[in-house]
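*Asks:* Numbering (my numbering), first residue to last: 131 to 366.
#1: Beta-carbon separation of residue 115 and residue 250 under 8 angstroms?
#2: Could you check if residue 302 is buried or exposed, using at least 16 other CB atoms within 10 Å of its CB as the buried criterion?
#3: Excluding the five sequence neighbours on either side, which residues of its own chain have a C-beta within less than 6 angstroms of the C-beta of residue 271, listed in chain order?
#4: What is the DSSP secondary structure of residue 211, reduced to helix, strand or coil?
#5: DSSP three-state call for residue 191: helix, strand or coil?
#6: Please confirm whether residue 233 and residue 186 have their CB atoms less than 8 angstroms apart.
#7: Hey, how far is the Cα of residue 197 from the Cα of residue 221?
#8: Pick out whichever of 318, 294 and 333 has its Cα sitting closest to the Cα of residue 349.
#9: Can the beta-carbon of residue 226 be found less than 8 angstroms from the beta-carbon of residue 194?
#10: Suppose contacts are defined by Cβ-Cβ distances below 8 angstroms. Is residue 312 in contact with residue 280 by that definition?
#11: Which value, in whole angstroms, describes the spacing of the CA atoms of residue 134 and residue 161?
#12: Give the range of the alpha helix (DSSP H) segment to which residue 252 is assigned.
What follows is the structure in structure tokens.
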């Protein structure tokens with residue numbers, strides 16, 4: 131075994147790198163969401179309207195942070211290497227406005243739908259309408275499964291991202307359900323098994339999402355219009 135193989139390309143070296151990339155990516159994600167974590171950890175057991183508003187407002191930066199982590203993990207999936215600090219913050223800056231807008235839109239729609247559910251819950255005919263609202267919430271969430279990976283990889287107009295994501299939600303139902311299951315598993319691990327997962331969970335989740343969608347994103351890269359340019363700032 132050559133020295134290069136032993137110290138530069140061996141399994142221990144590779145595993146160590148992945149642990150470092152996952153940890154740092156997760157750390158940067160948390161740093162970008164300090165207000166949300168502060169509000170979440172400060173929950174005293176009483177869910178008031180004021181707390182709900184603070185929680186929603188503080189959750190808005192999650193969108194850009196999540197998109198940036200998807201971008202960095204997507205590069206890791208494609209190239210097996212990443213400059214996690216540079217790539218994460220470049221993606222955060224470049225995709226900030228679009229990811230913030232679409233994340234906020236998603237949060238607003240889901241919030242309105244939950245308010246509608248509470249409203250109709252006290253009505254006699256509510257049991258016939260409430261399932262529709264829950265269905266709409268699932269559609270919004272499942273569409274988001276594709277929205278942010280696409281933002282992290284391509285320059286596309288917002289309306290095109292929504293159209294493509296909505297189409298993939300149904301046409302790639304196996305991918306949709308697999309990605310949704312990943313989120314559920316991550317939540318179960320974090321809440322039910324070990325809280326130490328918080329050190330790596332978002333990075334591993336984003337890596338899994340980008341790995342599952344890698345063929346889909348490659349397919350989209352071929353189909354996008356000529357003026358839609360792949361986000362090369364992350365792969366340079």
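From the three backbone atoms N, C-alpha and C, an ideal C-beta is built for every residue, glycine too. Predicted model only: the values in this text are computed from it and were never measured.
*Replies:* Let me spell this out:
#1: What is shown of the chain runs 131 to 366, which leaves residue 115 out entirely.
#2: buried
#3: Nothing meets the Cβ criterion.
#4: coil
#5: Residue 191: coil per DSSP, three-state reduction.
#6: no
#7: 8 angstroms
#8: 294
#9: Result yes, Cβ atoms of residue 226 and residue 194 sit closer than 8 angstroms.
#10: no
#11: Low local confidence applies: a pLDDT of 42 at residue 134 is under 50, so the model's placement there is unreliable, with the coordinate-based value given in what follows. Each residue's alpha carbon lies about 35 angstroms from the other.
#12: Run containing residue 252: none; DSSP gives neither H nor E here.
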